[in-house]
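In this note's numbering, the protein residues as written are 40 to 354.
Using N, Cα and C, we set each Cβ at its ideal position, and we do this for glycine too.
Since the structure is predicted, the reported quantities are computational estimates derived from the model, not experimental observations.
Heads up, the thing below is written out as structure tokens.
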């Protein structure tokens with residue numbers, strides 16, 4: 040029961056309640072008699088008169104809306120929360136594991152003379168889901184680092200990180216070994232990471248995404264320039280115009296050219312490995328530096344690193 044609301048107590052009910060408790064109290068009762076806004080002066084006078092007759096020592100009344108502002112409730116309103124969908128209720132990412140049996144693609148590659156294997160596993164819809172890299176000898180530091188890197192990339196892919204995010208970060212990363220590759224689509228690579236993620240982009244990203252990254256296959260590059268290679272007129276017409284111009288232009292005598300000594304051309308490389316050695320000045324079988332990872336160059340019977348100055352054991 041309350042003063043205002045669906046189960047409101049009448050003004051005279053307040054007075055009778057106070058009259059029942061007044062004989063047991065020595066002082067006045069701090070109780071307000073609430074009256075509706077429609078209460079008249081005569082009704083207010085009747086409340087005071089009946090309270091006097093019942094022996095109430097003091098009385099206070101309050102008529103609704105008799106002041107400019109009045110408190111209606113001191114309790115905080117309960118917030119009604121909209122139902123949240125199941126998709127939005129997840130507070131953490133969900134890992135989408137690959138099926139027990141899945142299709143995979145293994146690619147053997149060589150970058151700057153360093154060989155490796157790339158195995159990529161895909162979901163049933165063809166999206167990339169895992170990557171395995173095999174570089175160096177089993178038990179070496181390089182092999183262990185690449186194994187850990189493969190696990191990190193695979194878990195990130197299964198948690199929803201898009202492949203194009205990895206491609207945009209790792210493509211054009213520069214470090215040794217670098218140079219020519221044996222892939223017809225990627226002839227030169229600036230590092231192992233550069234080649235690996237270019238190969239993954241060619242295998243698993245659509246052409247629209249690869250265009251934004253500047254990654255194309257050999258066939259796509261050839262098709263893009265095919266229109267520029269075709270001449271506007273036929274070769275026979277071009278030859279006829281050239282002969283006509285040559286016959287109409289007088290030919291001046293040519294002075295004898297001074298005699299120059301023949302220049303011996305350097306020996307040309309006969310293989311990609313020899314060409315790479317000729318460009319970089321390093322032997323194809325030179326090891327990687329154990330300190331910084333850059334390919335070392337021969338120095339006498341040992342090898343020296345041009346990056347940090349470390350040697351292969353000789354000083």
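- According to DSSP, residue 101 shares a beta bridge with 73.
- Linking residue 56 to residue 48 through their CA atoms gives a straight-line distance of about 10 angstroms.
- In the DSSP assignment, residue 214 falls outside any alpha helix (DSSP H), carrying neither H nor E.
- For residue 89, same chain residues with a beta-carbon under 8 angstroms away, outside a window of 5 residues either side, are 51, 54 in chain order.
- Less than 7 angstroms divides the Cβ of residue 235 from the Cβ of residue 157.
- In terms of CA proximity to residue 78, 105 leads the group 65, 94, 105, 92.
- Taking residue 208 as reference, the option from 345, 232, 228, 196 with the minimal CA-CA separation is 232.
- The C-beta of residue 279 has fewer than 16 other C-beta atoms within 10 Å across all chains shown, which makes the residue exposed.
- The DSSP-derived three-state label of residue 87 is helix.
- By the criterion of at least three beta-carbon pairs nearer than 8 angstroms, the segment 137 to 156 is in contact with the segment 212 to 230.
- Taken atom to atom, the span from the alpha-carbon of residue 174 to that of residue 248 is near 28 angstroms.
- The segment 248 to 263 and the segment 182 to 192 do not touch, with fewer than 3 CB-CB distances between them shorter than 8 angstroms.
- Around the beta-carbon of residue 74, 16 or more other beta-carbon atoms lie within 10 Å, marking it buried.
- Annotation: residue 258 to residue 228 spans about 18 angstroms, alpha carbon to alpha carbon.
- Counting along the chain, no alpha helix (DSSP H) covers residue 337; the unbroken beta strand (DSSP E) around it starts and ends at 336 to 338.
- Taking each of 170, 335, 340 in turn and checking the Cα distance to residue 349, the smallest one comes out for 335.
- Taken atom to atom, the span from the alpha-carbon of residue 100 to that of residue 67 is near 14 angstroms.
- Taking each of 86, 346, 244, 96 in turn and checking the Cα distance to residue 61, the smallest one comes out for 96.
- For residue 234, the enclosing alpha helix (DSSP H) stretches over residues 231 to 243.
- Pairing residue 161 with residue 136, the inter-Cα distance amounts to about 10 angstroms.
- Residue 153 holds the alpha-carbon nearest to the alpha-carbon of residue 182 among 250, 261, 277, 153.
- DSSP links residue 227 through a beta bridge to 219.
- Rounded to the nearest whole angstrom, the CA to CA distance from residue 82 to residue 70 is 18 angstroms.
- A residue is called buried once 16 or more other Cβ atoms fall within 10 Å of its Cβ, and residue 237 is buried on that count.
- Distance from residue 239 to residue 167 at the Cβ level is roughly 7 angstroms; contact confirmed, criterion being Cβ atoms closer than 8 angstroms.
- Rounded to whole angstroms, the gap between the alpha carbons of residue 346 and residue 164 is 45 angstroms.
- Taking all protein chains shown into account, residue 344 has 16 or more neighbouring C-beta atoms within 10 Å of its C-beta and is therefore buried.
- Contact check for residue 141 against residue 198 fails: the beta carbons are separated by 7 angstroms or more.
- The residues 90, 93, 94, 95, in chain order, have a CB closer than 8 angstroms to that of residue 58 in the same chain once the five nearest residues on each side in sequence are set aside.
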